[in-house]
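A short worksheet on the structure shown next.
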Amino acid sequence: SPVKLHVWSYNIPGDNVPITGTAGLECNTNRDFNLPPSTWVVLTAPSRATSGADTYGFVRWWYNGYAIGNRTINFSLTTETWAVAEYKKVPVYTLSVYSSGVTGNNVPISSTTGHGGNTNYSKSVLESTWVVLTAPETFSSGGNDYTFVCWWYSGYSSSIGSRTINFTMSGG
């Protein structure tokens, strides 16, 4: 007789997380399956999922009550099984980029990670996002020429003349 598999999610509103898996098991969470005994099951939860305007990060699978930290789980389905993907809301922080000593600001900052703009600007950035910013070597504004000196990040200065700074976004 068929064996029941429950593929659910926890701690994410809507419980509609797209799970990839072995043929026929690709689904959004909160779905039940009746499968032949000894079916080999592979399920992969995404590292991030969205619900409304919020982003959630994968924490762990709960496999019949046991915590598994890998995003992919696999097992032979022999008895009724619960596979529950747990998520937590990913904090959003404000990245503020300013220039000082420059008339009018408006210094073009480039970024290979999508965080560029003209100073002074701010962007909302998810926790643990890799940020890369590059300042121009020179900049002219208001009839004055300026030369880049250094970055200041969370109260610390970078090496003099190092025009690119990179870091992981955090709340500290």
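Under my numbering, the letters of the sequence shown match residues 172 to 343, in that order.
Glycine included, every Cβ here is placed at the ideal spot set by N, Cα and C.
{"Check": "Residue from S312, F310, L304 and N315 with nearest C-alpha to Y324", "Outcome": "L304"}
{"Check": "Pairwise C-alpha distance: S295 and S341", "Outcome": "12 Å"}
{"Check": "E257 versus P207: straight-line alpha-carbon distance, rounded", "Outcome": "26 Å"}
{"Check": "Extent of the continuous beta strand (DSSP E) to which H177 belongs", "Outcome": "V174 to Y181"}
{"Check": "Buried or exposed (CB count within 10 angstroms, at least 16 for buried), L248", "Outcome": "buried"}
{"Check": "Touching by the beta-carbon criterion (3+ pairs, under 8 Å), the segment 303-318 and the segment 265-280", "Outcome": "yes"}
{"Check": "L176 burial status per 10 Å Cβ neighbour count (16 or more: buried)", "Outcome": "buried"}
{"Check": "Which of helix, strand or coil DSSP assigns to L214", "Outcome": "strand"}
{"Check": "Residue(s) in a DSSP beta bridge with L297", "Outcome": "V263"}
{"Check": "Length-filtered (3 minimum) beta strand (DSSP E) runs lying within the segment 306-342", "Outcome": "309-312, 315-318 and 335-339"}
{"Check": "Under 9 Å between C-beta atoms of R219 and V261", "Outcome": "yes"}
{"Check": "N- and C-terminal bounds of the beta strand (DSSP E) containing A220", "Outcome": "R219 to S222"}
{"Check": "Residues near R202 by beta carbon distance below 7 Å, same chain, minus five either side", "Outcome": "V178"}
{"Check": "Whole-number beta carbon distance between N245 and V212, since they are thought to touch under 8 Å", "Outcome": "6 Å"}
{"Check": "N182 and Y227 closer than 9 Å at C-beta", "Outcome": "yes"}
{"Check": "Proximity to S270 [Cα-Cα], best of T200, L214 and W322", "Outcome": "W322"}
{"Check": "Assigned secondary structure, R231 (DSSP; H/G/I helix, E/B strand, else coil)", "Outcome": "strand"}
{"Check": "Sheet register partners of A254 (DSSP bridge)", "Outcome": "V178 and Y234"}
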